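In what follows, a structure is listed as structure tokens, so that the remarks can point back to it.
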Amino acid sequence: MNNRILIAIKTAANNYIQRQIVRQTWLIEVKEHHIPYVFVLGSTNDEKLIDEILDEDNIYNDLLIGKPVDNYYNLTLKAMFIFAWTKVHCPSRWLFYVDDDTIINAQQVIDFISLRKNVLNRVLYCHMGQHFARRNPQSKWFVPMSIWEPALYPKYCQGWGWLIPPNVLSLLHDTSISNLTEPKLWIDDVFMTGIVAEVAGIELIESPMACCGRRDSELYEKSLLLAQMANETDTMASISEPEIVTFCQIIWSHQGVGFQGSEAPHAMLALAALKRLNFHVYAPTTVLNAYDHREIYYLCKHMSEGISWNIIQHTLREIVQGTLIPLSSRSYISADGSIKIK
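Written as structure tokens, this is what we have:
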């Protein structure tokens with residue numbers, strides 16, 4: 639089954655911290671399921687950064703570096719690159735193309751694809767959106783009328799994740815490089831999954847990757863408050879047990895295959911800890927190390943299985959204060975279902 643999937647993680651050359659956070663969280667599960675993955679980078683002229691990237695790849699052997707220079711205006715070229723690479727090297731695989739600030743539930747990806755064994759239709763699975771073209775020259779997403787004249791873009795997939803069957807991947811790639819899709823708009827999600835998909839007759843299907851709204855976002859923000867917790871040891875007292883436990887139950891019972899990350903990439907700790915959903919969160923920018931990251935990730939998993947609230951408070955406070963016992967020297971679940979710490 640898992641030889642049907644390739645996960646390609648879109649990342650910038652200088653996003654080493656973000657890649658490490660991904661490796662320490664959901665990629666652990668991806669590897670357990672033997673799902674192949676690559677981080678997709680663009681090129682850079684920074685010699686020091688080039689050396690760092692080569693060292694990183696020597697350690698992890700999971701980087702795929704394309705020719706387009708790594709910047710926002712080359713995102714479409716990066717998408718074309720990974721589509722072409724996958725078409726040549728993995729022609730029978732589904733491609734899950736995701737941002738590096740996205741969390742993926744590997745088991746749900748497998749289950750989702752297993753129900754679609756013979757996909758012959760022209761469909762692409764994602765969380766859809768549709769927006770007006772930005773005409774303000776100061777906007778990051780500014781597109782002049784000389785490039786795109788209509789006021790409204792076609793419906794397209796939000797950039798955080800596209801799940802693409804192999805037949806559709808080939809069609810998207812071939813159409814994207816044809817004269818039928820000129821000019822090549824640099825906003826990759828609008829161009830590849832909106833303009834190109836429309837020309838190619840590909841239908842966008844709202845997938846289980848999108849599920850939840852503002853209510854859960856507010857609950858998330860209230861549950862962690864990492865920025866304040868870093869400076870106030872009594873912050874945990876303001877978080878109620880039902881709120882945080884309920885949230886974790888939502889996370890681990892959710893049937894989606896992934897969820898969108900924060901716009902603050904170094905807040906991935908919070909995302910990995912308390913989200914397996916798809917909603918936008920303006921997470922705090924507190925940066926904690928990989929051990930903290932992994933501890934909260936598993937702590938939240940165990941919350942939905944029955945755990946002492948005192949242990950939750952104690953462990954989260956340890957994380958914030960930097961006194962957490964490493965995973966190798968602690969035991970979470972005892973025979974009676976409670977959590978014990980060695």
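Our numbering numbers the first residue of the sequence shown as 639 and each following residue consecutively.
In this text, a Cβ means the ideal position worked out from N, Cα and C, and glycines have one as well.
Computed from a prediction, not measured in an experiment: that's the story for all the values here.
Nonlocal neighbours in the same chain, by C-beta distance under 8 Å from residue i, ignoring five residues either side
{"i": "Thr631", "result": "This structure cannot speak to residue 631, because the chain is shown only from 639 to 980."}
{"i": "Thr724", "result": "Leu644, Ala646, Arg731, Leu733, Leu807"}
{"i": "Arg773", "result": "Phe780, Val781, Pro782, Met783"}
{"i": "Tyr791", "result": "Gln768, His769, Phe770, Ala771, Val828, Gly832, Ile833"}
{"i": "Ser878", "result": "Residue confidence for Ser878 is low, a pLDDT of 44 falling below 50, so the modelled location carries little weight; the figure read from the coordinates is stated next. Nothing meets the Cβ criterion."}
Closest by C-alpha distance to residue i, when choosing among the options
{"i": "His769", "options": "Leu810, Phe829, Asp812", "result": "Phe829"}
{"i": "Pro674", "options": "Thr714, Thr740, Arg642", "result": "Arg642"}
{"i": "Val736", "options": "Gly704, Asp826, Asn712", "result": "Asp826"}
{"i": "Thr740", "options": "Tyr791, Trp798, Asn699, Ser752", "result": "Trp798"}
{"i": "Glu787", "options": "Asp700, Lys755, Leu823, Ile742", "result": "Leu823"}
Residue i vs residue j beta-carbon contact at 9 Å
{"i": "Leu702", "j": "Trp800", "result": "no"}
{"i": "Gly767", "j": "Cys795", "result": "yes"}
{"i": "Arg657", "j": "Thr649", "result": "yes"}
{"i": "Ile843", "j": "Val761", "result": "yes"}
{"i": "Leu810", "j": "Thr831", "result": "yes"}
{"i": "Gly704", "j": "Lys716", "result": "yes"}
Nearest-angstrom Cα separation, counted from residue j out to residue i
{"i": "Gly680", "j": "Met718", "result": "12 Å"}
{"i": "Tyr654", "j": "Val678", "result": "12 Å"}
{"i": "Ala835", "j": "Thr819", "result": "10 Å"}
{"i": "Ala771", "j": "Lys778", "result": "11 Å"}
{"i": "Glu841", "j": "Leu713", "result": "22 Å"}
{"i": "Phe750", "j": "Gln776", "result": "40 Å"}
{"i": "Tyr711", "j": "Asp695", "result": "25 Å"}
{"i": "Lys669", "j": "Phe721", "result": "22 Å"}
{"i": "Ser814", "j": "His671", "result": "32 Å"}
{"i": "Asp738", "j": "Glu667", "result": "16 Å"}
{"i": "Asn759", "j": "Leu753", "result": "14 Å"}
{"i": "Ile742", "j": "Asn699", "result": "20 Å"}
{"i": "Lys939", "j": "Asp684", "result": "Interpretation of Lys939 is limited by its pLDDT of 49, a score under 50 that renders its predicted location unreliable; no figure is taken from the coordinates."}
{"i": "Ser816", "j": "Asp693", "result": "37 Å"}
Buried versus exposed, by CB contacts within 10 Å (16 or more), residue i
{"i": "Asn727", "result": "As written in the sequence, residue 727 is His, which differs from the Asn given in the question. Exposed: under 16 other Cβ atoms inside 10 Å."}
{"i": "Gln745", "result": "exposed"}
{"i": "Ile697", "result": "exposed"}
{"i": "Ala789", "result": "exposed"}
{"i": "Ser845", "result": "buried"}
{"i": "Pro803", "result": "buried"}
{"i": "Tyr763", "result": "buried"}
{"i": "Val895", "result": "Any reading at Val895 needs caution, since the residue's pLDDT is 37, under 50, leaving its predicted position unreliable; the model's value is listed next. The residue is buried, with at least 16 neighbouring Cβ atoms inside 10 Å."}
Sequence-distant residues of the same chain with beta carbon closer than 7 Å to residue i, five excluded per side
{"i": "Pro729", "result": "Pro804"}
{"i": "Leu665", "result": "Tyr675"}
{"i": "Pro821", "result": "Ile785"}
{"i": "Lys793", "result": "Met766, Gln768, Gly832, Leu842"}
{"i": "Val837", "result": "Thr813, Leu818, Thr819"}
Own chain, CB closer than 6 Å to residue i, minus 5 neighbours either side, in chain order
{"i": "Lys755", "result": "none"}
{"i": "Thr871", "result": "With a pLDDT of 37 at Thr871, under the threshold of 50, the modelled position of that residue is not reliable, and the figure given next carries that caveat. Result list for Thr871: empty, nothing under 6 Å."}
{"i": "Glu901", "result": "Residue confidence for Glu901 is low, a pLDDT of 27 falling below 50, so the modelled location carries little weight; the figure read from the coordinates is stated next. Counting only Cβ-Cβ distances below 6 Å, and skipping sequence neighbours, we find nothing."}
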